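Participant: Numbers given in my numbering equal positions in the sequence shown, counted from 1, plus 7.
Okay, handing you the structure first.
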Amino acid sequence: MKLRSLEELAPAGKRVVVRVDWNVTLGKALAVVDDTRIKRTQRTIEWLLENEAKQVVLVSHLGKPGGKIVPLLSLAPVAQYAAKLLARRIEIFSEPEVVPHAQLSILENVRFWEGEESNEPEFAKRLAQMGEAYVNEAFGECHRSSASIVGIPKLLPAFAGFNLVSEVENILGAITKPARPFVVVMGGAKVVDKLKLLETLSTIADAILLGGKLANEFVERNMRLSGSAKVFVPIEGSEIFDIGERTSAIYEAEIAKAKTIVWNGPMGKVESVEYRGGTHRIYEAIILNEDAFAVVGGGDTLSAIREERHLERIDFVSTGGGAMLSLIERGTLTGIEQLRKV
Numbered sequence: 008m009k010l011r012s013l014e015e016l017a018p019a020g021k022r023v024v025v026r027v028d029w030n031v032t033l034g035k036a037l038a039v040v041d042d043t044r045i046k047r048t049q050r051t052i053e054w055l056l057e058n059e060a061k062q063v064v065l066v067s068h069l070g071k072p073g074g075k076i077v078p079l080l081s082l083a084p085v086a087q088y089a090a091k092l093l094a095r096r097i098e099i100f101s102e103p104e105v106v107p108h109a110q111l112s113i114l115e116n117v118r119f120w121e122g123e124e125s126n127e128p129e130f131a132k133r134l135a136q137m138g139e140a141y142v143n144e145a146f147g148e149c150h151r152s153s154a155s156i157v158g159i160p161k162l163l164p165a166f167a168g169f170n171l172v173s174e175v176e177n178i179l180g181a182i183t184k185p186a187r188p189f190v191v192v193m194g195g196a197k198v199v200d201k202l203k204l205l206e207t208l209s210t211i212a213d214a215i216l217l218g219g220k221l222a223n224e225f226v227e228r229n230m231r232l233s234g235s236a237k238v239f240v241p242i243e244g245s246e247i248f249d250i251g252e253r254t255s256a257i258y259e260a261e262i263a264k265a266k267t268i269v270w271n272g273p274m275g276k277v278e279s280v281e282y283r284g285g286t287h288r289i290y291e292a293i294i295l296n297e298d299a300f301a302v303v304g305g306g307d308t309l310s311a312i313r314e315e316r317h318l319e320r321i322d323f324v325s326t327g328g329g330a331m332l333s334l335i336e337r338g339t340l341t342g343i344e345q346l347r348k349v
């Protein structure tokens, strides 16, 4: 899939609207806990400024305010953190019609408006009038049909940010022509949410290793997949909070043989420290296999491995969870269709 990238945009003298995904976790005193998503937008923002964009206007959401102003979900602390990271001033503003003259600014949480998630055309127009070109650098939101993702590109010349291009190339590259054996590790959410995805993967993967709630339900429902992939489930049973010693050993052996690995979803109830062992062992097995190309994604997965050593050994860490899974399942995403090269 070829997307219109930043190199095709001549930003000099232009006002550019950039949709970023700064929906990060905030901890005590509203401090940013994990800045991965912010860092992954840095290259695009700096490129636009260095290439003399007149203004870069950032748009993001934070949490689920449901179309109402929720002070605790203000982007102010995130913008403050990002300003330090970029070593640039970021001015925050609260109405699309009142964009400050600053070279770099950010609109307050775009989900404070009802028109964002419902993709109201009038709200998309309000957002689009902030610029003369649009850049999508919010891969994690590209499976949603919101105004800032699919509405603005209908009204402005639209381009894909550097990270978005990298996400699409790495994820599709892993599944379209995988080096074999191709091993998928899948955990986390309920099986009903991932059944179509598992069916798709069963036709292209060599082995699927299940964990978490997904594995529990798969076993309880005595489910089968139509593809030729060998499906592994925890041998400890269906009522478990983590994969056990024997299952971990089996999964490690499959990962050790792999040449391509895709991992999404933790192996257990990782919010409790005592149930993180299986996820840790999967992580260790992946980084020990230096011959495999590994793609890892999903918010819960990344939270679970954030403090692990040698994260740089993972070939590609996706900033999207649902977006990554949707891209694997469908081969495209709603938010990138209008960014395709004709």
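Ideal placement from N, C-alpha and C gives every residue a C-beta, glycine not left out.
This structure is a prediction, so every number in the text was calculated from the model and none was measured.
#1: Tell me whether phenylalanine 169 sits in a helix, a strand or coil according to DSSP, three-state version.
#2: Which ranges would you report for the alpha helix (DSSP H) in the segment 149-235 if only whole runs of at least 4 residues count?
#3: Based on the DSSP output, what are the partners of valine 63 in its beta bridges?
#4: Tell me whether lysine 220 is buried or exposed, calling it buried when 16 or more other Cβ atoms sit within 10 Å of its Cβ.
#5: So, at 6 Å on beta carbons, what are the nonlocal neighbours of arginine 320 in its own chain, with the 5 sequence-adjacent residues on each side left out?
#6: For asparagine 170 and phenylalanine 189, I'd like the C-alpha separation in whole angstroms.
#7: Using alpha carbons as the reference points, say which of Val269, Ala265 and Glu174 lies closest to isoleucine 182.
#8: Is the separation between the beta-carbon of glutamate 129 and that of serine 112 shorter than 8 Å?
#9: Could you give the DSSP three-state label for alanine 131: helix, strand or coil?
#10: How should threonine 210 be labelled, buried or exposed, when 16 other C-beta atoms within 10 angstroms of its C-beta is the threshold for buried?
#11: Is the Cβ-Cβ distance between valine 64 and valine 106 less than 8 Å?
#12: Pairing CB atoms from the segment 138-149 with CB atoms from the segment 74-90, are three or more of them under 8 Å?
#13: For isoleucine 156 versus alanine 145, is the C-beta distance shorter than 8 Å?
#14: Looking at glutamate 174 and glycine 327, is the spacing between their C-beta atoms short of 8 Å?
#15: Counting only the same chain and skipping the five closest in sequence on each side, list residues whose C-beta sits under 7 Å from that of asparagine 116.
#16: Quick check on threonine 48: does DSSP put it in helix, strand or coil?
#17: Rounded to whole angstroms, what is the Cα-Cα separation between leucine 93 and glutamate 124?
#18: Taking serine 310 as the reference, which of Pro241, Ala292, Glu278 and Phe100 has the closest Cα?
#19: Nearest CA to the CA of valine 240: which residue from Phe119, Met193 and Lys61?
#20: For arginine 337, which three-state DSSP category applies?
#21: Any idea what DSSP makes of asparagine 303, helix, strand or coil?
#22: Considering only residues of the same chain and omitting the five flanking positions on each side of valine 142, which have a CB-CB separation below 8 Å?
#23: Decide if histidine 108 is buried, meaning its Cβ has at least 16 other Cβ atoms within 10 Å, or exposed.
#24: Mind checking whether the beta-carbon of serine 209 lies closer than 7 Å to any heavy atom of the ligand HEM?
#25: Leaving aside the five residues before and after glutamate 148 along the sequence, list all residues of the same chain whose C-beta is less than 6 Å from its C-beta, in chain order.
#26: Tell me whether phenylalanine 100 sits in a helix, a strand or coil according to DSSP, three-state version.
#27: Mind checking whether methionine 331 and glycine 305 have CB atoms under 8 Å apart?
#28: Along the beta strand (DSSP E) that carries valine 85, what are the first and last residues, could you check?
#29: According to the neighbour-count rule (16 or more other Cβ atoms, all chains shown, within 10 Å of its Cβ), is asparagine 223 buried or exposed?
#30: Hey, tyrosine 258 and isoleucine 250: beta-carbon distance below 8 Å or not?
#31: Buried or exposed: proline 185, going by 16 or more other Cβ atoms within 10 Å of its Cβ?
#32: Looking at the unbroken alpha helix (DSSP H) that takes in alanine 145, where does it start and where does it end?
Facilitator: This is what the structure holds:
#1: helix
#2: 169-183, 198-209 and 219-227
#3: Val23 and Leu111
#4: buried
#5: Ile294
#6: 24 Å
#7: Val269
#8: no
#9: helix
#10: exposed
#11: yes
#12: no
#13: yes
#14: yes
#15: His68, Leu69, Pro72, Leu80, Ser81 and Leu82
#16: helix
#17: 29 Å
#18: Glu278
#19: Met193
#20: helix
#21: Note that residue 303 is valine in the sequence shown here, rather than asparagine. In this structure, valine 303 counts as strand in the three-state DSSP scheme.
#22: Leu13, Leu16, Val23, Val24, Val25, Arg26, Thr51, Leu55, Ala165, Phe166, Ala167 and Gly168
#23: exposed
#24: In terms of ligand content, the structure shown is empty, and the ligand HEM therefore cannot be addressed.
#25: Asp28 and Ile156
#26: strand
#27: yes
#28: Here valine 85 belongs to no beta strand (DSSP E); instead the alpha helix (DSSP H) covers 83-93.
#29: buried
#30: yes
#31: buried
#32: Careful: alanine 145 lies outside any alpha helix (DSSP H) and carries neither H nor E.
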